[in-house]
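Down below is the structure, laid out as structure tokens.
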Amino acid sequence: MTDSARPSESYYHLHLVSDSTGETLISVGRAAAAQYDVKPIEHIYPLVRSHKQLDKVVQAIDEFPGIVLYTLTDPELRNRLKTYCRDHGVPVLSVLAPVVQLFQAYLGGVPEPRVGGQHQLDGDYFRRIDAMNFTVMHDDGQHVDGLEAADVVLLGISRSSKTPTSIYLANRGIKTANIPLVPSLPVPPGLADLKRPLIVGLLASADRVVEIRRNRLLGLNAAQAADAYTDRQSVAEEIAFSRRLCARHGWPMIDVTRRSIEETAAAIIALLQERRRMLTENPNG
Numbered sequence: 064m065t066d067s068a069r070p071s072e073s074y075y076h077l078h079l080v081s082d083s084t085g086e087t088l089i090s091v092g093r094a095a096a097a098q099y100d101v102k103p104i105e106h107i108y109p110l111v112r113s114h115k116q117l118d119k120v121v122q123a124i125d126e127f128p129g130i131v132l133y134t135l136t137d138p139e140l141r142n143r144l145k146t147y148c149r150d151h152g153v154p155v156l157s158v159l160a161p162v163v164q165l166f167q168a169y170l171g172g173v174p175e176p177r178v179g180g181q182h183q184l185d186g187d188y189f190r191r192i193d194a195m196n197f198t199v200m201h202d203d204g205q206h207v208d209g210l211e212a213a214d215v216v217l218l219g220i221s222r223s224s225k226t227p228t229s230i231y232l233a234n235r236g237i238k239t240a241n242i243p244l245v246p247s248l249p250v251p252p253g254l255a256d257l258k259r260p261l262i263v264g265l266l267a268s269a270d271r272v273v274e275i276r277r278n279r280l281l282g283l284n285a286a287q288a289a290d291a292y293t294d295r296q297s298v299a300e301e302i303a304f305s306r307r308l309c310a311r312h313g314w315p316m317i318d319v320t321r322r323s324i325e326e327t328a329a330a331i332i333a334l335l336q337e338r339r340r341m342l343t344e345n346p347n348g
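Note that this note's numbering has the sequence shown beginning at 64, numbered continuously upward.
Shown next as structure tokens:
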């Protein structure tokens with residue numbers, strides 16, 4: 064590695080070069096970067112499919128040397144990028160190559176490179192679009208008469224990550240509705256009678272909810288309208304109400320205080336898979 068390519072003690076440059084959307088690279092790069100305290104400065108280059116586009120990438124790498132991760136199916140572009148990095152002492156890696164090699168060793172044959180192959184307009188794609196439309200229509204307690212068609216129904220007080228979790232699940236093809244819980248208001252009629260959806264309560268610590276609500280009000284320039292909305296005792300009572308409701312109906316609860324949206328969604332997906340397995344084994348149960 065050349066001296067110019069060595070990382071700083073406080074940051075380093077991470078170049079993510081893709082001939083598709085770059086989602087795979089971003090996920091892999093951030094997962095690896097999270098293992099270190101030094102934070103990367105990301106340079107993301109999606110849809111790189113010509114030498115002219117690659118010229119700009121190489122120029123940026125030359126100006127800000129660092130780690131280069133790529134997913135390029137065109138052999139000319141791929142070899143040009145690898146050659147440049149090798150000649151300039153810049154670490155470079157194809158994030159899919161080791162995985163594809165493993166598949167090839169097991170399945171045999173030669174893979175057919177497909178740019179953005181995971182983003183085909185197939186049945187799974189349209190299932191995700193359908194789930195997204197459903198989730199947007201059933202956000203924040205809207206259209207409660209259609210809850211039986213949901214895969215998941217999320218319950219929680221204001222600022223318990225219901226909407227972002229719902230959108231994340233919808234992007235995975237899971238129809239998700241979310242309903243706000245307010246102690247002074249009744250839950251939608253028939254909620255406890257739903258048969259198809261998995262109902263999950265989202266909880267957070269009172270301190271965390273108060274912090275998020277205060278930041279929300281500041282963003283809206285409505286700090287003076289706080290009152291009970293940011294009063295810790297009132298928030299604690301809202302959380303207790305949520306716990307009692309979920310416990311009374313046997314609905315699982317997830318504490319999102321220290322969870323990312325992705326971690327919360329993963330826990331919900333695991334619960335959904337287990338529920339579906341049990342319904343398959345005992346459809347009348």
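Even for Gly, the Cβ is constructed at its ideal location relative to N, Cα and C. Remember, it's a predicted structure, so these values are computed and weren't measured experimentally.
Beta-carbon separation (whole angstroms), residue i vs residue j, contact threshold 8 Å
i, j, result
"A269", "V298", "5 Å"
"L218", "L265", "7 Å"
"L79", "G85", "6 Å"
"K119", "Y74", "Not quite, the Cβ-Cβ distance comes to about 22 Å (not below 8 Å), so this is no contact."
Host beta strand (DSSP E) of residue i (start-end)
i, result
"P161", "Unbroken run through P161 is the alpha helix (DSSP H), A160 to L170; no beta strand (DSSP E)."
"L156", "V155 to S157"
"T134", "G129 to T134"
"G219", "V215 to G219"
"S81", "Y74 to S81"
"Y108", "K102 to Y108"
"D318", "M316 to D318"
"A212", "Taken as a continuous stretch (DSSP letters only), A212 belongs to no beta strand (DSSP E), as it is neither H nor E."
"I242", "T239 to P243"
Own chain partners of residue i with C-beta closer than 6 Å, once the 5 adjacent residues on each side are dropped
i, result
"A330", "I317"
"H206", "M200"
"L342", "none"
"L140", "L117"
"F127", "H76"
"I366", "Lying outside 64 to 348, the shown extent of the chain, residue 366 is not represented and no answer is given."
"A213", "K238, A240 and P260"
"E105", "L77"
Residue i vs residue j beta-carbon contact at 8 Å
i, j, result
"P251", "I324", "no"
"S221", "R271", "no"
"L156", "L132", "yes"
"V158", "L88", "yes"
"D187", "L135", "no"
"R295", "V319", "no"
"H312", "A267", "no"
"L257", "L308", "no"
"P161", "G204", "no"
First through last residue of the alpha helix (DSSP H) which encompasses residue i
i, result
"P251", "Careful: P251 lies outside any alpha helix (DSSP H) and carries neither H nor E."
"I230", "K225 to N234"
"K258", "Note, K258: premise wrong, no alpha helix (DSSP H); not H, not E."
"D125", "H114 to E126"
"K145", "P138 to D150"
"S90", "E86 to A96"
"A299", "R295 to H312"
"T343", "I324 to E344"
"R321", "From DSSP, R321 is part of no alpha helix (DSSP H); its letter is neither H nor E."
"E274", "A269 to G282"
"A291", "Element bounds for A291: n/a, residue is neither H nor E."
Residues near residue i by beta carbon distance below 8 Å, same chain, minus five either side
i, result
"R191", "A233, N234, R235 and G236"
"P300", "Here residue 300 turns out to be Glu, not Pro, going by the sequence shown. Result list for E300: P246, in chain order."
Neighbour flag for residue i against chain D, beta carbons, 8 Å
i, result
"V273", "The chain inventory of the structure shown lacks chain D, comprising one protein chain alone."
Contact set for residue i: own chain, Cβ-Cβ below 7 Å, skip 5 residues either direction
i, result
"S229", "T198, D202, L217, T239 and N241"
"R338", "L261"
"V215", "L232, I237, T239, P260, L261, V263, I331 and L335"
"L281", "none"
"V121", "Y147"
"A194", "A233, G236, I237 and K238"
"R143", "L117"
"Y292", "R276"
"N278", "none"
Can you find at least 3 beta carbon pairs, one from the stretch 110-130 and one from the stretch 160-176, that sit closer than 8 Å?
The stretch 110-130 vs the stretch 160-176: no contact.
Quick test of the definition: if touching needs 3 or more C-beta pairs under 8 Å, does the stretch 87-102 touch the stretch 143-152?
Contact fails: fewer than three Cβ-Cβ distances are below 8 Å.
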